[in-house]
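Colleague: Pasting in a structure now, in structure tokens, and then I'll have a few things to ask.
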Amino acid sequence: MSSKTVKCDLLVIGSGAAGMAAALKAASEGHSVIVAEKSQWLGGTTAISGGWAWVPGNKQGVAQGDTRLEIETYIRALAKDCYKAEMVDTFLDEVPEAIDWLERDTDVEFVYPEMAPDYQMDAPGAKPSGRAISGKVVDARTLGENRLRLRPYLDTYTVFGYMPEVGPDIAQFLHANQSWKSFAYVSKKLLETWVETVLCRRSFDRTNGNSLMVRMVSSAAKLGIRMWTETPVTKILQSENGIVTGAVLAGVHAGTVEARLGVVIAAGGYSSDPALRAEYWGHDPHGDNHFTPTVGHDGDNVRLAAPLGGHVDTDVHEPAAWAPVTVFTGLRGQQRIFPHLRAFGLPGLIAVNRKGERFANESSSYHDFGVAMIQENAGQDETFGYIIADAKAMKKYGIGYAKPWPIPQGYFKKTGFLHKADTVEELAREIGVDVAGLKKTLTEFNTGAAKGEDPKFNRGSNWFHHFKGDMEHQPNPNLEPLDKGPYYAAKIEMGDLGAYSGLAVDRHSQVLDDDDQPIPGLFAAGSAAVSIFGGGYPGYGANIGPALVFGYTIGRDAEILASLRTESVESTVLEEV
393 MSSKTVKCDL
403 LVIGSGAAGM
413 AAALKAASEG
423 HSVIVAEKSQ
433 WLGGTTAISG
443 GWAWVPGNKQ
453 GVAQGDTRLE
463 IETYIRALAK
473 DCYKAEMVDT
483 FLDEVPEAID
493 WLERDTDVEF
503 VYPEMAPDYQ
513 MDAPGAKPSG
523 RAISGKVVDA
533 RTLGENRLRL
543 RPYLDTYTVF
553 GYMPEVGPDI
563 AQFLHANQSW
573 KSFAYVSKKL
583 LETWVETVLC
593 RRSFDRTNGN
603 SLMVRMVSSA
613 AKLGIRMWTE
623 TPVTKILQSE
633 NGIVTGAVLA
643 GVHAGTVEAR
653 LGVVIAAGGY
663 SSDPALRAEY
673 WGHDPHGDNH
683 FTPTVGHDGD
693 NVRLAAPLGG
703 HVDTDVHEPA
713 AWAPVTVFTG
723 LRGQQRIFPH
733 LRAFGLPGLI
743 AVNRKGERFA
753 NESSSYHDFG
763 VAMIQENAGQ
773 DETFGYIIAD
783 AKAMKKYGIG
793 YAKPWPIPQG
803 YFKKTGFLHK
813 ADTVEELARE
823 IGVDVAGLKK
833 TLTEFNTGAA
843 KGEDPKFNRG
853 SNWFHHFKGD
863 MEHQPNPNLE
873 PLDKGPYYAA
883 KIEMGDLGAY
893 SGLAVDRHSQ
903 VLDDDDQPIP
913 GLFAAGSAAV
923 SIFGGGYPGY
933 GANIGPALVF
943 GYTIGRDAEI
953 LASLRTESVE
963 STVLEEV
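Numbering follows this note's numbering, with no gaps: position 493 of the sequence shown is 885.
So this is what it looks like as structure tokens:
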């Protein structure tokens with residue numbers, strides 16, 4: 393290990409939304425900041441995400457008449473018995489200031505969509521818009537020499553390299569094989585993407601979470617923040633008084649960092665660590681029944697904080713933000729993962745269990761669907777199901793990663809993503825589900841779907857369901873009979889978008905020890921910290937929203953908290969004298 397010692401005011405571990413928000417605010421206050429990122433890329437999981445932020449109380453929501461009481465009522469309904477009143481209050485108090493500051497004093501720009509429904513529109517206090525915002529498209533050339541340091545998109549989630557945005561953009565892609573106008577729009581986007589990628593290694597226009605991180609990294613460079621990649625943190629250091637004073641780093645910038653104001657753990661959660669999943673997630677007792685598309689969530693938050701008394705807060709009724717995924721093998725033999733965040737809310741697609749039966753509302757959020765999927769497979773060695781589509785739906789929409797007509801299906805079948813059979817019976821036998829069960833399910837579903845109804849699960853009954861579907865499809869944007877062969881299937885297994893049971897923290901994002909006392913100088917935010925929503929998933933950006941807000945408050949308050957620690961230590965010394 394290098395004996396080099398570097399000094400700064402604040403050391404931030406991780407370069408996603410939480411870490412960069414803390415770094416930006418602290419640097420804007422005149423503090424020197426180092427961001428230590430263990431991977432070769434900046435941006436964390438935020439860079440491959442949808443880039444939405446659920447921040448109720450923002451200027452759009454206020455203008456639309458959204459009230460604090462309605463917001464609290466909604467969060468309380470989702471959090472159930474795990475409602476964290478102090479954390480929710482702090483979050484809602486700080487949203488306006490944090491979002492206004494990001495837009496006013498950094499390069500970050502948000503889009504305030506007309507429609508972005510809360511995920512549980514039938515819950516009290518839910519709203520169809522005014523709470524979720526997204527990052528505005530940006531030209532990555534603003535990053536200069538840092539352009540290729542930013543983490544690329546999750547390639548399985550792009551459309552031939554282009555990442556569509558939720559809303560009007562993705563609607564054009566959805567209808568590219570049905571409308572000449574949409575076809576022209578998509579062709580232009582793809583051509584620009586391909587040309588720029590060939591000539592400059594990566595397309596210039598960045599969308600979704602990538603656009604948010606482009607803007608945050610751009611701001612960080614202007615503020616002189618040192619962003620060190622390939623630099624994992626191996627140990628957090630404390631003084632004799634128990635105050636966190638810095639950390640030991642390995643990799644490219646190996647050595648010791650002395651951090652006057654403290655250390656921020658914003659390195660993601662533990663969803664990639666089989667042992668920690670086995671300890672905290674009931675459906676994965678052996679660490680082999682879960683597949684995550686997150687990056688860098690290796691449990692560093694737990695391992696770094698544990699020697700100082702930091703511990704995982706399990707007071708959440710769901711320990712992660714669930715997301716069903718399809719795991720398949722690329723042509724070069726590598727494991728690939730596709731998260732199904734939208735696909736099976738579309739007309740003509742359903743999800744079934746090993747008995748061939750539907751077990752959940754396919755138009756609910758991926759998190760709520762995941763809850764049902766785990767419950768359905770309770771007691772089984774493997775958590776899985778299948779998305780089923782007929783020829784009409786496959787031609788019109790595809791199944792997630794398996795693109796619709798006119799894209800050939802050979803690749804998707806060869807990799808194991810897609811299964812195909814001429815009849816329902818043949819498909820059931822190929823994928824190993826009960827033949828009679830699947831036939832009965834389709835008969836029942838088709839009867840209601842033809843009328844735009846779903847008596848079993850009430851699919852397609854609210855704005856969020858419709859937003860996930862095809863708004864131009866009638867009589868219901870989410871329902872269409874499956875009655876034309878051949879038939880198709882894609883296996884779904886359990887995945888996540890980040891852990892909800894993270895490090896226990898107080899309202900200042902200070903990590904708590906085993907006695908629930910703050911560890912002075914140690915902070916955690918984002919998926920590294922426990923979710924403030926108690927295991928519920930309120931809407932688009934439920935992970936990034938709190939990450940931005942609490943990252944901001946850490947950067948703002950680090951100096952004040954350090955001053956209070958100094959006064960406390962001096963007072964103790966005087967008393968002893």
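Backbone N, C-alpha and C fix where the C-beta goes; we use that ideal spot for every residue, glycine too.
Could you have a look at MET605 and say whether DSSP puts it in helix, strand or coil?
Modeller: In this structure, MET605 counts as helix in the three-state DSSP scheme.
Colleague: For the beta strand (DSSP E) that contains GLN902, what are its first and last residues?
Modeller: GLN902 -> beta strand (DSSP E) spans 902 to 904.
Colleague: Between the C-alpha atoms of LEU700 and ALA651, what's the straight-line distance to the nearest angstrom?
Modeller: Roughly 16 Å separates the two Cα atoms.
Colleague: Can you tell me the Cα-Cα spacing of ASN745 and ILE780, whole angstroms?
Modeller: ASN745 and ILE780: Cα-Cα distance of roughly 11 Å.
Colleague: Taking Cβ to Cβ, would you say TRP714 is nearer than 9 Å to VAL427?
Modeller: It is not a contact, given that the beta carbons lie outside the stated cut-off.
Colleague: May I ask you to report which of helix, strand or coil DSSP gives ALA698?
Modeller: DSSP places ALA698 in helix when its eight states are reduced to three.
Colleague: Just list the alpha helix (DSSP H) runs in the segment 557 to 619, keeping only unbroken ones of 4 residues or longer that don't cross its boundaries, in chain order.
Modeller: Complete alpha helix (DSSP H) runs here, min 4: 560 to 566, 572 to 592, 600 to 614.
Colleague: Would you identify the three-state DSSP class for PHE809, choosing helix, strand or coil?
Modeller: Residue state, collapsed to three classes: coil.
Colleague: Could you round the C-beta distance between ASP814 and LYS876 to whole angstroms and report it? I think they count as a contact, below 8 Å.
Modeller: Not really, about 11 Å apart at Cβ, beyond 8 Å.
Colleague: Quick one: give me the first and last residue of the beta strand (DSSP E) that VAL763 is part of.
Modeller: Element bounds for VAL763: not the beta strand (DSSP E) but the alpha helix (DSSP H), 758 to 768.
Colleague: What would DSSP say about SER441, mapped onto helix, strand or coil?
Modeller: The answer is coil: DSSP assigns SER441 none of H, G, I, E or B.
Colleague: Judging by CA-CA distance, which residue of ARG523, LYS627, HIS645 is the nearest neighbour of GLY638?
Modeller: The residue with the shortest Cα to Cα distance from GLY638 is LYS627.
Colleague: Spell out the partners DSSP gives GLY527 in its beta bridges.
Modeller: In DSSP, GLY527 forms a bridge with PHE502.
Colleague: Just how far apart, CA to CA, sit ALA764 and GLU836?
Modeller: Looking at the two C-alpha atoms, the distance is approximately 20 Å.
Colleague: Taking the straight line between their C-alpha atoms, what separation do you get for THR648 and ILE405?
Modeller: Cα-Cα distance, rounded: 13 Å.
Colleague: Classify LEU535 as buried or exposed, calling it buried when 16 or more other Cβ atoms lie within 10 Å of its own Cβ.
Modeller: Answer is buried; the Cβ neighbour count reaches 16.
Colleague: Out of VAL487, GLY553, ASP862, GLY679, which one is the CA nearest neighbour of LEU741?
Modeller: The shortest Cα separation from LEU741 among VAL487, GLY553, ASP862, GLY679 belongs to ASP862.
Colleague: Return the CA-CA distance between PRO912 and LEU403, expressed in angstroms with no decimal places.
Modeller: Each residue's alpha carbon lies about 14 Å from the other.
Colleague: Just mark GLU774 as buried or exposed, buried being the case when its beta carbon has 16 or more other beta carbons within 10 Å.
Modeller: It is exposed - the Cβ of GLU774 has fewer than 16 other Cβ atoms within 10 Å.
Colleague: By how many angstroms is the C-alpha of THR684 removed from the C-alpha of TYR892?
Modeller: Computed Cα separation, rounded: 14 Å.
Colleague: Run the CB neighbour count on GLN564, radius 10 Å, all protein chains shown included, and call it buried at 16 or more, exposed below.
Modeller: Per the 10 Å Cβ criterion, buried.
Colleague: Could you say which of THR833, ASN681, LEU591 lies nearest to ARG750 if we only look at CA atoms?
Modeller: Comparing Cα-Cα distances from ARG750 to each of THR833, ASN681, LEU591, the minimum goes to THR833.
Colleague: Just tell me which of VAL487, LEU416, GLY890 has its CA closest to the CA of TYR758.
Modeller: Nearest C-alpha to TYR758: GLY890.
Colleague: Buried or exposed for TRP446, please, with buried defined as at least 16 other CB atoms from any protein chain shown within 10 angstroms of its CB.
Modeller: Buried: at least 16 other Cβ atoms inside 10 Å.
Colleague: Per DSSP, what kind of secondary structure is ILE463 in: helix, strand or coil?
Modeller: It is helical.
Colleague: Hey, GLY661 and ALA670: beta-carbon distance below 9 Å or not?
Modeller: Their beta carbons are not under 9 Å apart, which means GLY661 does not touch ALA670 by this criterion.
Colleague: What residue does the alpha helix (DSSP H) around TRP493 start on, and which one ends it?
Modeller: That run of the alpha helix (DSSP H) goes 477 to 497.
Colleague: Select from ILE657, ASN600, ASP561 the residue whose C-alpha is nearest the C-alpha of VAL903.
Modeller: It is ILE657.
Colleague: How far does the beta strand (DSSP E) with TRP855 in it extend, from its first residue to its last?
Modeller: That residue, TRP855, is in no beta strand (DSSP E); its alpha helix (DSSP H) goes 855 to 860.
Colleague: Which partner residues of GLN630 appear in the DSSP bridge assignment?
Modeller: In DSSP, GLN630 forms a bridge with VAL636.
Colleague: Please list, in chain order, all residues of the same chain as ILE506 whose beta carbon is under 8 Å from its beta carbon, the five residues on each side excluded.
Modeller: Looking at the sequence provided, one finds Glu at residue 506 rather than Ile. Correct list, in chain order: SER521.
Colleague: Could you round the C-beta distance between SER901 and ILE946 to whole angstroms and report it? I think they count as a contact, below 8 Å.
Modeller: Correct: roughly 5 Å between the Cβ atoms.
Colleague: Could you give the distance in angstroms between the alpha-carbon of GLY527 and the alpha-carbon of ASN600?
Modeller: Rounded to the nearest angstrom, the two C-alpha atoms are 6 Å apart.
Colleague: Please confirm if the segment 865 to 885 is in contact with the segment 841 to 848, defined as three or more CB-CB distances below 8 Å between the two stretches.
Modeller: Yes, since at least three Cβ pairs between the segment 865 to 885 and the segment 841 to 848 fall closer than 8 Å, the two stretches touch.
Colleague: Using the beta-carbon count (16 or more within 10 Å), is TRP572 buried or exposed?
Modeller: Exposed, because fewer than 16 other Cβ atoms sit within 10 Å of the Cβ of TRP572.
Colleague: Hey, ALA712 and SER756 are a contact pair by Cβ (cut 8 Å); roughly how many whole angstroms apart?
Modeller: At roughly 16 Å, the Cβ-Cβ gap does not stay under 8 Å, so ALA712 and SER756 are not in contact.
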